[in-house]
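When we follow this note's numbering, the leftmost residue of the sequence shown carries the number 23, and every step to the right adds one.
Built from N, CA and C at the ideal position, the CB exists for glycine as well.
A quick note: this is a predicted structure, and the numbers were derived from the prediction, not measured.
Only one structure is covered here, and it is reproduced in the block below.
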Amino acid sequence: MTTSDKPELSLVLYPDPVLRRKTPTVTVFDGKLRSLAEAMFEIMAAERGIGLAAPQVGRSVRLLVAAFEEEGVPPTALVNPKVVSSSGSVVMTEGCLSFPGIFAELRRAESIRVEAQDLNGEKISIEADGLYARVLLHEMDHLDGRLFIDLFSHAQRIRTRPALRELEKAWERRKKGV
Ligand code: CO
Numbered sequence: 023m024t025t026s027d028k029p030e031l032s033l034v035l036y037p038d039p040v041l042r043r044k045t046p047t048v049t050v051f052d053g054k055l056r057s058l059a060e061a062m063f064e065i066m067a068a069e070r071g072i073g074l075a076a077p078q079v080g081r082s083v084r085l086l087v088a089a090f091e092e093e094g095v096p097p098t099a100l101v102n103p104k105v106v107s108s109s110g111s112v113v114m115t116e117g118c119l120s121f122p123g124i125f126a127e128l129r130r131a132e133s134i135r136v137e138a139q140d141l142n143g144e145k146i147s148i149e150a151d152g153l154y155a156r157v158l159l160h161e162m163d164h165l166d167g168r169l170f171i172d173l174f175s176h177a178q179r180i181r182t183r184p185a186l187r188e189l190e191k192a193w194e195r196r197k198k199g200v
């Protein structure tokens, strides 16, 4: 693959409607899928993220990437991932590249097992806990059009309302091209 094959993609911010679309199952494992994953790894690294889902670069594709090597997680691309078991429950602070500046403490499962396919369509199974489980759960939600703000408590909604409103206004301005 050459650099010129790489799609020109950029980070999509809330409230772009692509973030609310449920992604269809991937059935074709080709160079286009691999190019998309590669572009996503680059954008994630540039934005200093540890996880990114395809809708966040404007593509409604059932693909996520994650990487945080300091935690022992090498760059990983998961296609059609699903949680097959989970246990425990833990509260952690969460953010999202599509919601710059917004963070909230959220409760999610502590340990999960995920079945997915790699970029060649081979079946893979991943055990994740702690931050890795958190990232995968957050990114898998993106693939179903669910966003972390959907998990906010009433108090978290009130606290983040002004920042969300700013993102909405910025999106309206971009849409109008001003
Ligand atoms: Co996110």
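With a cut-off of 8 Å, does the C-beta of residue i fall near any C-beta of chain C?
i	result
Glu69	No chain C is part of this structure, which consists of one protein chain only.
Going straight from the alpha carbon of residue i to that of residue j, what length do you get?
i	j	result
Arg84	Ala76	7 Å
Met162	Asp172	14 Å
Ala68	Lys198	27 Å
Val106	Gln178	29 Å
Arg168	Ser32	20 Å
Ser120	Gln139	25 Å
Taking only heavy atoms of the ligand CO into account, decide whether any of them is closer than 7 Å to the Cβ of residue i.
i	result
Ser120	yes
His164	yes
Phe170	yes
His176	no
State the start and end residues of the unbroken alpha helix (DSSP H) segment that holds residue i.
i	result
Phe63	Gly53 to Ala68
Mind checking residue i: buried by the 16 CB within 10 Å criterion, or exposed?
i	result
Thr45	buried
Pro96	exposed
Val87	buried
Glu156	First, the amino acid is wrong: residue 156 is Arg here, not Glu. Per the 10 Å Cβ criterion, buried.
Glu60	buried
Thr24	With a pLDDT of 49 at Thr24, under the threshold of 50, the predicted position of this residue should be treated as unreliable, and no value is reported.
Pro103	buried
If you follow the beta strand (DSSP E) that residue i is in, where does it begin and where does it stop?
i	result
Asp151	Lys145 to Asp151
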